[in-house]
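*Asks:*
Residue numbers (the numbering used here): 10 to 141.
Structure follows, in structure tokens:
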């Protein structure tokens with residue numbers, strides 16, 4: 010299973026839009042896909058629930074469902090839709106699990122500055138991880 014982390018510290022940056030479109034694209038290529046909805050708004054889960062049955066299947070998973078439930082889906086791809094403000098141990102845990110990191114960024118000075126700070130946190134984490 011390949012894990013794609015979609016993250017950005019800002020709300021409204023397009024994380025859920027990117028995560029759901031990516032999940033749909035992968036499912037359209039006959040891949041088994043689970044979208045893990047860590048955002049308290051649960052927009053990705055609602056999106057999955059509204060998909061017409063004739064579209065390729067995508068499973069939604071939330072943290073309260075448990076790891077066993079996730080493994081039962083046996084996905085090729087796990088897409089992690091994260092909340093705004095992901096940092097600290099939550100970010101480290103997500104980074105440990107991810108094979109691919111996608112950071113959607115809006116073209117505004119505020120969003121770019123917040124994303125730069127987020128990238129600095131990721132670099133710091135990677136430096137610490139290498140030194141373990």
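Idealized CB from N, CA, C, for every residue including glycine. Values in this document were obtained by computation on a predicted structure and should not be read as measured data.
(1) With a Cβ-Cβ cutoff of 8 Å, do residue 41 and residue 82 count as a contact?
(2) Could you check which residue in 11, 29, 134 has the C-alpha nearest to that of residue 113?
(3) Apply the 10 Å Cβ neighbour rule to residue 1 and answer buried if 16 or more other Cβ atoms are within range, or exposed otherwise.
(4) Grab me the residues of residue 72's own chain with a C-beta within less than 7 Å of its C-beta, minus the 5 sequence neighbours each way, in chain order.
(5) So which of 65, 91, 60 has the shortest CA-CA distance to residue 12?
(6) Entirely within the stretch 21-64 and at least 3 residues each: give me those beta strand (DSSP E) ranges in chain order.
(7) Given a cut-off of 8 Å on the beta-carbon distance, is the pair residue 36 and residue 65 in contact?
(8) In the DSSP assignment, the alpha helix (DSSP H) including residue 103 goes from what residue to what residue?
(9) Of the residues 94, 70, 74, 93, which one's Cα is nearest the Cα of residue 84?
(10) Taking the alpha-carbon positions, what's the residue 63 to residue 134 distance?
(11) Closest by CA to residue 21, which one among 123, 129, 60?
(12) Please return the same chain residues whose Cβ sits closer than 6 Å to the Cβ of residue 86, not counting the five positions on each side in sequence.
*Replies:* Based on what the coordinates show:
(1) yes
(2) 29
(3) The question about residue 1 has no answer here: the residues shown for the chain are numbered 10 through 141.
(4) Around residue 72: 47.
(5) 91
(6) 42-46
(7) yes
(8) Looking at the DSSP string, the run of the alpha helix (DSSP H) that includes residue 103 is 97-106.
(9) 70
(10) 42 Å
(11) 123
(12) Answer for residue 86: 11, 35, 40, 42, listed in chain order.
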